[in-house]
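All remarks here apply to the structure that follows.
There are 2 protein chains.
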Amino acid sequence: MELDRNSTIPLHRQVENYIKKKISSGEWAVGTKLPSQRSLADSLAVNRSTVITALEELAALGLIEGRHGGGTKVINNTWGLVARRKPADWGNYVEAGRYKSNLPMIRKINEAEFYPGMIRMGTGELSPALLPNERFAGLLKNAPSGLLSLGYQEPKGDIRLREEISRHLMAIGIQTELSSILVVSGALQALQLISIGLLDHGSTLILEKPSYLYSIHVFQSLGMRFVGLPIDSDGMRPEKLSDYKKQYQGSIVYTIPSFHNPTGVVMTEKRRRELLLECGRERLPIIEDDVYRDLWLDAPPPCTLKGMDQSGNVLYIGSLSKILSPGLRIGWVVGPAPVIDRLADIKMQSDYGASSLSQWAAEESLRTGLYEEHACFVREQLKARRDDLAELLDQYFSDIAAWRIPTGGFYVWLKLVPKIDPHLLFEEALRHGILLNPGVMYDRGARQYLRLSYAYAASEEMKKAIRILRKLVMELAGGEKIT
Amino acid sequence: MELDRNSTIPLHRQVENYIKKKISSGEWAVGTKLPSQRSLADSLAVNRSTVITALEELAALGLIEGRHGGGTKVINNTWGLVARRKPADWGNYVEAGRYKSNLPMIRKINEAEFYPGMIRMGTGELSPALLPNERFAGLLKNAPSGLLSLGYQEPKGDIRLREEISRHLMAIGIQTELSSILVVSGALQALQLISIGLLDHGSTLILEKPSYLYSIHVFQSLGMRFVGLPIDSDGMRPEKLSDYKKQYQGSIVYTIPSFHNPTGVVMTEKRRRELLLECGRERLPIIEDDVYRDLWLDAPPPCTLKGMDQSGNVLYIGSLSKILSPGLRIGWVVGPAPVIDRLADIKMQSDYGASSLSQWAAEESLRTGLYEEHACFVREQLKARRDDLAELLDQYFSDIAAWRIPTGGFYVWLKLVPKIDPHLLFEEALRHGILLNPGVMYDRGARQYLRLSYAYAASEEMKKAIRILRKLVMELAGGEKIT
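In order, the protein sequences belong to chains G and X.
First residue of the first sequence? That's 1 in UniProt numbering, and the numbers climb one at a time after it.
First residue of the second sequence? That's 1 in UniProt numbering, and the numbers climb one at a time after it.
Now the structure itself:
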């Protein structure tokens, strides 16, 4: 927006007209909060007093209203004034839906990922440099011509893709029929389908604490509660399962047994057996979120819970996002046929199934070996990056933090010794061009933790970020004695 | 499954073992209903008595249980028997989720679409023969190599796709900023996001009756109610809006103004203005579902409600599914920025955004003119098909039904004169290889109606189907006098 500085129309009137147009076009609908006076002045390159004059005029017209502490809101629009009635107040609708907004910190992260030059030290996805871009373009060149009519009508997903998934599952010890596999648009959608399709309002999920699940609202938005079980270096500790089931009416267990997010822990085989046994006794079904499995760096993790399970108690979730690309949006759920039927029905009601183009590309990636070969490449690259980060931490954080070297996945779960306000650290880091995922996102009590990721930032960037981070931590710790 | 007829193991024991394996593997989990004795006998090619012996044995073992009228269910499994406890009862979970199942008739339709040779006379999608398969494959050949890292991170969808959508909208008279556009995985997902993001449990939607919306559960599953307004040849009649808003606490209006599904009606420009005025007065926001707009056969429909709206009261939904391919799963919602922000946040929480591959293909299709050119082709083809169907109806149904020739979209809303049980007609037609969408799917009271589609079946198939349909209607009408 450029104001005309040679015009005979005064600047404050031009500002007023500019805002009026935004309001009358519906872009700033009733209920919208206006940008601050300062930011309006900045973006229009006028004095703040000019903005204030314009806003006063608009308030006098009954179009906007300032509230103490609440900023200025659009309360009516030009059309509404003509009709002498107020138009629909979308603000009320935005607040009405039952779904919770993303955590403010997560929204901030989502936004800041686009700031140029930002170093993303917490991100849960691969660096674009690690994606199989060339090979994938090659695969598309050989696309058959019938692609557009593929897959759409099959509620559980394209049958050929399910065949490839079934082969992939076989290789990790899961034998299943095609009717027990549902193709989904990524693992997150699997969780959403489970939440709306299988669980009641007021259900309680028993899960590791910390857990990735605390950072999303898929279950809480539907009125479900979480009870966290402690996790040690062998994985989730199931001793309390029985108590928690009784005490909190727990109805399902959620776990990330391999390269747990955010701690990186791998559940041992022994612990897996114990968990299965305990859940079997308690008649608690298990959701096994296994999206990190193929990202082992030192040795493959133990067999899946699903593969060890003899009783159909486990719903298994896998995905291509962590190796091939998150942008493909292809994952799967495997479970007893009636459960999969139900989830497929809801998937059909939500979006009529995953993109047939993505489904075809996923099938080809699995069938041609692209996926497996690229998994090898990613493991190699991530191993080097993990080792780099480990070295940097040794160098810069050995006196002010504790951590365990992960054997796979994306994350180091770093515990800072000084007790710093995590929100302050997040903001300070952001100001220095570093994007962090503080531990509080995954457990409100984990105020001393950071989830560091070695999957996104290049080695040079990690070096820069870790150096700055040390400096920030030391500054924020202030007088606190570090022991 | 093949039984070994030369084995020393008796057949009934083999059947027993076969079922045991299904149960112990979890494929037939606890809560699963077994296939009927007859269908088991058929699929295993044994006598029904052999199946009965096997089932009796399994019941004695405590693995299954027959209920009068309720069929036979798995109540335990081999592992559960060993542990002396029952494993998780998935059946309970399947029934627990708050989401409703698809209507039985719709599930039947979804299933029957795969029966070979079935003539689909009600389907809401284009025949595969009408999809731009060759050109689309050509487009993929030129895919750039950075595809996998596109779009994923932008909550509102790839910015280049939104630019193309904005250009497309401009051409139909909608001016909007990119921040007011949200890319979704098809129009159905738009409705789902609106239902969970903007509306409260217990909200009431005011909509046309009949309406496509009655056939899906997106809103009802979240406890929302519908109030239907009558529709005449000019579209939804808004006179009762005010009454209905008061009487039923209506909170939002949903309409398909152009080529309404299922009636095919186009709302006149005059009626559109009245609706907007009335909704403005009543402060009722409008959801404008405009996915059929580009399928005009005789003349383009009047301007969109969104384009006529001066007050930001309209949320607009569009899609590529009806012209390009449903398999792409790309649609859009356009509305006031705060509403779009909210919906984008929920989309991110549901599936992290649409497939980047689909988004790129959609962008290319719009940018290169493939979409527009193909729209011309589809219009031409559909026009011929519509004329064919009209001729067939004249020939075979003029004495037993009434209809209006649609000027666009996919459907003829056929009213049968004889009062036949629609479920009976559906079943009979199915037996004759014809898949129908009875009117009751769109309005429980529309028992005499059928939604006929000319988009899927080829002319020869339509001819065959219409002939048979006449025969079935006459038979089922029986003695009823046709006037």
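Note that beta-carbon positions come from the ideal geometry of N, C-alpha and C, so glycine has one too.
Contact with chain X by residue i, beta-carbon distance below 7 Å
i: Lys-86 of chain G; result: Any reading at Lys-86 of chain G must be qualified, since the residue scores a pLDDT of 47, below 50, and its modelled position is unreliable; no value is offered.
i: Pro-338 of chain G; result: yes
i: Arg-329 of chain G; result: yes
i: Phe-259 of chain G; result: no
i: Lys-141 of chain G; result: yes
i: Ala-344 of chain G; result: no
i: Glu-56 of chain G; result: no
i: Ala-83 of chain G; result: At Ala-83 of chain G, the pLDDT of 39 sits below 50, so the modelled position is not reliable; the number obtained from the coordinates is stated separately. So yes, Ala-83 of chain G belongs to the interface.
i: Glu-274 of chain G; result: no
i: Asn-17 of chain G; result: no
i: Gly-26 of chain G; result: yes
i: Ile-466 of chain G; result: no
Buried versus exposed, by CB contacts within 10 Å (16 or more), residue i
i: Gly-369 of chain X; result: exposed
i: Pro-87 of chain G; result: Confidence is the limiting factor: at Pro-87 of chain G the pLDDT is only 48, short of 50, which leaves the residue's position unreliable and the question unanswerable from this model.
i: Pro-230 of chain G; result: exposed
i: Asp-394 of chain X; result: exposed
i: Asp-4 of chain X; result: exposed
i: Asp-399 of chain G; result: exposed
i: His-423 of chain G; result: exposed
i: Lys-22 of chain G; result: buried
i: Pro-300 of chain G; result: exposed
i: Asp-289 of chain X; result: buried
From the options, residue whose alpha carbon lies closest to that of residue i
i: Pro-234 of chain G; options: G:Arg-273, G:Leu-241, G:Gln-249, G:Phe-226; result: In the sequence as presented, Pro is not what sits at residue 234 of chain G; that position holds Asp. If we check each option's Cα against that of Asp-234 of chain G, G:Arg-273 comes out closest.
i: Val-440 of chain X; options: X:Ile-9, X:Leu-103, X:Ala-29, X:Lys-20; result: X:Leu-103
i: Met-308 of chain G; options: X:Ser-24, X:Asp-4, X:Pro-238, X:Ile-9; result: X:Ser-24
i: Arg-329 of chain X; options: G:Asn-77, G:Arg-67, G:Gly-353; result: G:Gly-353
i: Phe-130 of chain X; options: X:Ala-402, X:Leu-452, X:Gln-381, X:Ala-59; result: Checking the sequence, you will find Leu at residue 130 of chain X rather than Phe. Out of X:Ala-402, X:Leu-452, X:Gln-381, X:Ala-59, X:Gln-381 has the C-alpha closest to the C-alpha of Leu-130 of chain X.
i: residue 491 of chain G; options: G:Ala-429, G:Arg-451, G:Lys-33, G:Gln-14; result: With chain G running from 1 to 483 in the structure shown, residue 491 of chain G is simply not present.
i: Ser-149 of chain X; options: G:Leu-295, G:Pro-132, G:Gly-31, G:Ser-145; result: G:Pro-132
Beta-carbon contacts of residue i that lie in its chain and below 7 Å, excluding the five residues immediately before and after
i: Tyr-212 of chain G; result: Ile-256, Asn-261, Pro-262, Tyr-442
i: Ala-190 of chain G; result: Val-184, Ile-317, Gly-331, Val-333
i: Gly-197 of chain G; result: Arg-342, Leu-343, Ile-346
i: Glu-113 of chain G; result: Arg-120, Leu-435
i: Leu-178 of chain X; result: Ile-159, Arg-162, Glu-163, Ser-166
i: Glu-461 of chain G; result: Ile-119
Residue i vs residue j beta-carbon contact at 7 Å
i: Arg-160 of chain X; j: Glu-363 of chain X; result: yes
i: Gly-409 of chain X; j: Tyr-292 of chain X; result: yes
i: Glu-27 of chain X; j: Glu-57 of chain X; result: no
i: Gly-202 of chain X; j: Gly-228 of chain X; result: no
i: Ser-258 of chain X; j: Val-265 of chain X; result: no
i: Ile-466 of chain X; j: Tyr-411 of chain X; result: no
i: Gln-359 of chain G; j: Asp-158 of chain G; result: yes
i: Ser-319 of chain X; j: Ala-402 of chain X; result: no
i: Ala-455 of chain X; j: Leu-126 of chain X; result: yes
i: Ala-384 of chain G; j: Leu-140 of chain X; result: no
i: Thr-204 of chain X; j: Tyr-254 of chain X; result: no
i: Ala-429 of chain G; j: Pro-210 of chain G; result: no
Residues that residue i contacts on chain B, provided the C-beta gap is smaller than 7 Å
i: Gly-186 of chain G; result: Of the protein chains in this structure, namely G and X, none is chain B.
Closer than 7 Å to chain G by CB, residue i
i: Leu-430 of chain X; result: no
i: Pro-128 of chain X; result: yes
i: Asn-76 of chain X; result: no
i: Ile-377 of chain X; result: Checking the sequence, you will find Phe at residue 377 of chain X rather than Ile. Cβ-Cβ to chain G under 7 Å: no for Phe-377 of chain X.
i: Glu-372 of chain X; result: no
i: Leu-191 of chain X; result: no
i: Ala-137 of chain X; result: yes
i: Ile-65 of chain X; result: Sequence inspection shows Glu at residue 65 of chain X; the Ile mentioned does not correspond to that position. For Glu-65 of chain X, the answer is no, since every Cβ of chain G falls outside 7 Å of its Cβ.
Residues near residue i by beta carbon distance below 8 Å, same chain, minus five either side
i: Arg-281 of chain X; result: Ser-242
i: Thr-268 of chain G; result: Asp-234, Gly-235, Pro-302
i: Ile-174 of chain X; result: Thr-304, Lys-306, Gly-307, Tyr-316, Val-334
i: Arg-85 of chain X; result: Any answer about Arg-85 of chain X is weak, because its pLDDT of 40 lies below 50 and its placement is not dependable; what the coordinates show is given next. Same-chain partners within the cutoff: there are none.
Contact set for residue i: own chain, Cβ-Cβ below 6 Å, skip 5 residues either direction
i: His-12 of chain G; result: Thr-50, Thr-53, Ala-54
i: Leu-182 of chain X; result: Lys-156, Val-333, Ile-340, Leu-343, Ala-344
i: Pro-285 of chain X; result: Ile-252, Asn-313
i: Ala-337 of chain G; result: Ser-179, Ser-180
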